[in-house]
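Novice: Before we start, here is the structure in question, set down as structure tokens.
In the numbering used here, the protein residues as written are 4 to 493.
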């Protein structure tokens, strides 16, 4: 199809009109359903979990479909964002919101703001890429193409039970792959609701497959995904311990793998920092949502010159946090996800106090009900305590004191899993030095608003493998093929 080929006026606006009328996803789904191999559907029966292979629907785009996609992409009347957003599966957040509140304990406003998928989380960009390059041989051209990896096994965590699915499923579908989604046994309902909506709007059977399981069957489902030769990629969000097991099992069939694992994020406030802005950043980062994320700040390092001032002002803010049931819009913190999470939080505080830490606020269960733990600030903490080395999935803020830039960098980088990090300083030269020296993937300088969908995100050291988000996130679900064409000058 030539570069000058155009569509009619109605055709140029077809995709946007489809969005306004509810989106003709049957046509879109046909474009998405191009994965090679077979799709696994997991069925539950009285004898337990087993797998049944059903044929996938592999096919290539027709010439007409290819021409229409190229023409639409070349149209000057649609911006890239308009074209991309018009392909988004219409999600009713209101219909899923109840599941999120009931499963995670996130308060209502946090649930809507954090879990509601942005359009780019579902279909971030066009997946088809062809670039022709000129090699060293004059009679030869090389064509570079991007092709779908194949069937993807997506295993997600409980803390963002919808967002974790959409962030992985979006680029997976956009690349042309099909997916088997294994949600956390703690929070399966939102993934099932998403699958139901996909079915209602016309996504063909076998494209999105959701496999809920009980806790005792979770390992069995994970093993089936990682050992199957038909599954070509594993995507996982969860603990480093489980991620390592999935990596080991996937190695037998040399699967592609993306892991977003545990974090022990440092938060550093230097003596020249704006204390007010640093406090704003800490409160936003630590207490989202109900302090149960791999991204929130765990180890808080405060320079000795401002340590007492910072601690006093932090306690004032923490005392204002309201705990309660998540459906109350005035509530800041709800319950922890489980009794296990509650007990681990209590044990971390007890260990710190036993070894010399002082509780400035909190430090005990809250009276609202089961699994509520008071937001807690600890001072006089050091590296001998468990709060130093363990990921804190609870409302506990340990304040570590430091005296120099060199000292705090050594302390921050001692962790094995720094998924993210933040620091505050007005010194531009220091900002460059510290950002370069900290071993983190996502780094906030005078901000904790990280990451976003426009940038890629992943782990370093033992906090993960691979990247999600942006163009790089899409490429995680693609194979690159080189096609060498000779005899062009004969």
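From the three backbone atoms N, C-alpha and C, an ideal C-beta is built for every residue, glycine too.
1. Need the endpoints of the alpha helix (DSSP H) that residue 474 sits in, please.
2. Among the residues of its own chain, which have a CB less than 6 Å from the CB of residue 366, if the five just before and after it don't count?
3. Taking the beta strand (DSSP E) that residue 261 falls in, what are its first and last residues?
4. Mark residue 237 as exposed unless 16 or more other C-beta atoms lie within 10 angstroms of its C-beta, in which case mark it buried.
5. Classify residue 55 as helix, strand or coil using the three-state DSSP reduction.
6. Counting along the chain, where does the alpha helix (DSSP H) carrying residue 311 start and finish?
7. Can you tell me which of the three DSSP states residue 235 falls into?
8. For residue 125, does the count of other Cβ atoms within 10 angstroms reach 16, so buried, or fall short, so exposed?
9. What first and last residue would you give for the beta strand (DSSP E) that runs through residue 436?
10. Give the straight-line distance between the Cα atoms of residue 451 and residue 283, rounded to the nearest whole angstrom.
11. DSSP three-state label for residue 372, please.
12. Taking 8 Å as the threshold, find out whether the segment 424-443 comes into contact with the segment 219-228 through three or more Cβ pairs.
13. When burial is assigned at 16 or more other CB atoms within 10 Å of the CB, is residue 487 buried or exposed?
14. To which residues of the same chain is residue 387 closer than 8 Å at the C-beta, ignoring the five residues directly before and after it?
15. State the Cα-Cα distance for the pair residue 478 and residue 253, rounded to the nearest angstrom.
16. Can you tell me which of the three DSSP states residue 172 falls into?
17. Applying the criterion that 16 or more other CB atoms from any shown protein chain within 10 Å of the CB defines a buried residue, is residue 485 buried or exposed?
18. Let's test the definition: count the other Cβ atoms within 10 Å of the Cβ of residue 255 and tell me whether it reaches 16, buried, or not, exposed.
19. Could you check whether residue 372 and residue 338 sit closer than 8 Å to each other, using their CB atoms as the reference points?
20. So, using beta-carbon positions, are residue 186 and residue 194 closer together than 8 Å?
21. With the cut-off set at 8 Å, would you say residue 423 and residue 465 are in Cβ contact?
22. What do you get for residue 147, buried or exposed, if any count of 16 or more other CB atoms within 10 angstroms of its CB means buried?
23. Roughly how far, in whole angstroms, is the beta-carbon of residue 213 from the beta-carbon of residue 156, given that I think they are within contact range, below 8 Å?
24. By Cβ distance, which residues of its chain are closer than 6 Å to residue 287, with the 5 residues on each side in sequence left out?
25. Leaving out five residues before and five after residue 394 in sequence, what residues of the same chain have Cβ atoms less than 7 Å from its Cβ?
26. Go through its chain and collect everything with a Cβ distance to residue 411's Cβ below 6 Å, but skip five positions before and after it.
27. Below 8 Å on the Cβ atoms is my guess for residue 151 versus residue 481; work out the distance and round it to an integer in Å.
28. Please classify residue 176: is it buried, with 16 or more other beta-carbons within 10 angstroms of its beta-carbon, or exposed?
29. With DSSP collapsed to three states, give me the class of residue 363.
30. What span of residues does the alpha helix (DSSP H) with residue 408 cover, start to end?
31. Rounding to the nearest angstrom, what Cα-Cα distance links residue 325 and residue 211 in this structure?
32. According to DSSP, what are the bridge partners of residue 421?
33. Nearest CA to the CA of residue 368: which residue from 344, 184 and 473?
34. Under three-state DSSP, which class holds residue 219?
35. Classify residue 401 as buried or exposed, calling it buried when 16 or more other Cβ atoms lie within 10 Å of its own Cβ.
36. With a Cβ-Cβ cutoff of 8 Å, do residue 427 and residue 314 count as a contact?
Specialist: Straight from the coordinates:
1. Its alpha helix (DSSP H) spans residues 473-478.
2. Once the five neighbours on either side are set aside, the close Cβ partners of residue 366 are 352 and 379.
3. Secondary structure note for residue 261: its beta strand (DSSP E) is the uninterrupted segment 259-263.
4. Counting Cβ neighbours within 10 Å, residue 237 comes out buried, since at least 16 surround it.
5. Because the pLDDT at residue 55 is just 32, under 50, the model does not fix this residue reliably, and the point stays unresolved.
6. Note, residue 311: alpha helix (DSSP H), 310-322.
7. Here DSSP, grouped into helix, strand and coil, assigns residue 235 to strand.
8. Note that residue 125 has pLDDT 44, beneath the 50 cutoff, so the model's placement of it is unreliable and the number below is only indicative. Buried, by the Cβ-count rule.
9. Not the beta strand (DSSP E): residue 436 falls in the alpha helix (DSSP H), residues 431-440.
10. Near 9 Å, if we compare the C-alpha coordinates of residue 283 and residue 451.
11. Here residue 372 sits in coil by DSSP.
12. Output reads no: the segment 219-228 does not touch the segment 424-443.
13. With fewer than 16 Cβ atoms within 10 Å of its Cβ, residue 487 is classed as exposed.
14. Closer than 8 Å at Cβ, skipping near neighbours: 358.
15. Whole-angstrom Cα-Cα distance: 19 Å.
16. In the three-state reduction of the DSSP assignment, residue 172 falls in the helix class.
17. Looking at its Cβ environment, which holds fewer than 16 other Cβ atoms inside 10 Å, residue 485 is exposed.
18. Per the 10 Å Cβ criterion, exposed.
19. Between residue 338 and residue 372, the C-beta spacing is below 8 Å.
20. For residue 186 and residue 194, yes; Cβs fall inside 8 Å.
21. No, they are not a contact pair.
22. Classification of residue 147: exposed, given that the 10 Å Cβ count is below 16.
23. That belief does not hold up - the Cβ atoms of residue 213 and residue 156 are roughly 12 Å apart, past 8 Å.
24. Cβ neighbours of residue 287 beyond the five flanking positions: 451.
25. Shown here for residue 394: same chain residues with a beta carbon closer than 7 Å to its own, the five before and five after excluded, namely 265, 266, 267 and 301 in chain order.
26. 271, 304 and 405, listed in sequence order.
27. So it is a contact: roughly 7 Å between Cβ atoms.
28. That one is buried.
29. In the structure shown, residue 363 adopts extended strand secondary structure according to DSSP, grouped into three states.
30. Where residue 408 is concerned, the enclosing alpha helix (DSSP H) stretches over 408-415.
31. Answer to the nearest angstrom: the Cα atoms are 39 Å apart.
32. Paired residues: none, contrary to the question.
33. Of the candidates 344, 184 and 473, 344 places its Cα closest to the Cα of residue 368.
34. It is helical.
35. When all chains shown are included, residue 401 counts as buried.
36. The criterion of a C-beta distance shorter than 8 Å is not satisfied by residue 427 and residue 314.
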